[in-house]
Structures are given as C-alpha cells and as structure tokens.
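Anchor point for the sequence shown: position 95 equals 196 in our numbering, and the numbering is continuous, going up by one each time.
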Amino acid sequence: CNGSTRKMLDLFVFWTELDKLHKYVHIRKSILTSIKYLVTTETGRKALTKCGGIQILYASAKLNGDIDLDKTCSSFSNLRISQELFTDTCPNSKAIDNLALTCSQIIRKSMPKSCLPIPSLHGPVYYEDA
102 CNGSTRKMLD
112 LFVFWTELDK
122 LHKYVHIRKS
132 ILTSIKYLVT
142 TETGRKALTK
152 CGGIQILYAS
162 AKLNGDIDLD
172 KTCSSFSNLR
182 ISQELFTDTC
192 PNSKAIDNLA
202 LTCSQIIRKS
212 MPKSCLPIPS
222 LHGPVYYEDA
C-alpha cells in the first residue's frame, strides 16, 4: 500500500468521523473524487485494494458513516463500524446520496471483472410468432 493511497483513506476516515452533522460533505466528496481518479489506473486499484479501501468505502456507503478506526494501528485491519444502517437513518440530503454513489463507483471500478454465472445468453422464455 503506497503512502498517498493510505493518506487519502486516512483523510476520508478522519472527515467521516468528524462530520457527524454532515456540514462538511464537500470535503469528503473532494477526497472521494481524488480516490476516484486514483483508481483509473491498475496500480491505483491494486493500492486501494491492498490498503483495505474497498471495505472502508463499502462501510461508508452502506452504514451511517460511523467508522471507528484504531488510530494506534498502522493498517486498516482494526476497522470497526457501527451497525446502524444508513438506510434506517438516511438524511434527506442529495449530498449524502452523492457520497454513497461515488463510493459505489470507486468500488465498482476497483473490483475484478468476472462473467455472470449463467449457462447461456438466451432467456428461459420463448415467444411463438403469431
């Protein structure tokens, strides 16, 4: 995990923990945009995966942003997340939706590509010509 990726994730976790009232969403969005540009390269995607960034972004998008990280640990292995679902306490704000959307876009770009687990491209329903 390179230094810049870890610093970006540290910043994102810091501002997510600090911004409980969602007043500084624009700062979190800027950090996510930087991470989004980082994962446009294969090296960036590997670095994000190696640093545990996918788990952090997934937790941030899925849950109410309560990410608790043991600051004494140098890795993200001690990540603890509150179990309060974001959908249960979802604020009525487009900015928060935008954060979740950007997190999901980064995750989608970072995950390995795989084929759908279907036997064929043809559907099970056939229509007769009338």
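C-beta: ideal position from N, C-alpha, C; glycine also.
Cα-Cα separation, residue i to residue j
{"i": "Cys-152", "j": "Leu-122", "result": "27 Å"}
{"i": "Thr-117", "j": "Gly-224", "result": "44 Å"}
{"i": "Leu-139", "j": "Arg-146", "result": "7 Å"}
{"i": "Ser-161", "j": "Leu-222", "result": "35 Å"}
{"i": "Val-126", "j": "Val-114", "result": "13 Å"}
{"i": "Leu-112", "j": "Lys-130", "result": "11 Å"}
{"i": "Ile-219", "j": "Asp-120", "result": "43 Å"}
{"i": "Gly-104", "j": "Thr-142", "result": "16 Å"}
Cutoff 7 Å; reference residue i; Cβ partners in own chain excluding five residues on either side
{"i": "Thr-188", "result": "Reliability fails at Thr-188, whose pLDDT of 47 lies under 50, so the model's placement of it is uncertain and no value is given."}
Buried/exposed call for residue i, threshold 16 Cβ in 10 Å
{"i": "Met-109", "result": "buried"}
{"i": "Thr-134", "result": "exposed"}
{"i": "Ile-94", "result": "With the chain running from 102 to 231 in the structure shown, residue 94 is simply not present."}
{"i": "Ala-148", "result": "buried"}
{"i": "Thr-144", "result": "exposed"}
{"i": "Thr-106", "result": "buried"}
{"i": "Leu-202", "result": "exposed"}
{"i": "Leu-200", "result": "buried"}
Close-in-space but distant-in-sequence residues of the same chain around residue i (CB under 8 Å, 5 per side omitted)
{"i": "Cys-204", "result": "Leu-133, Leu-158, Tyr-159, Ser-161, Ala-162"}
Close Cβ partners of residue i (< 6 Å) along its chain, the five nearest in sequence each way excluded
{"i": "Ile-128", "result": "Trp-116"}
{"i": "Ile-155", "result": "Ile-208, Ser-211"}
{"i": "Gln-206", "result": "none"}
Handout entry: Sequence ranges, alpha helix (DSSP H) only - wholly within the stretch 102 to 178, length at least 4
Key = 104 to 119, 126 to 139, 143 to 151, 154 to 163
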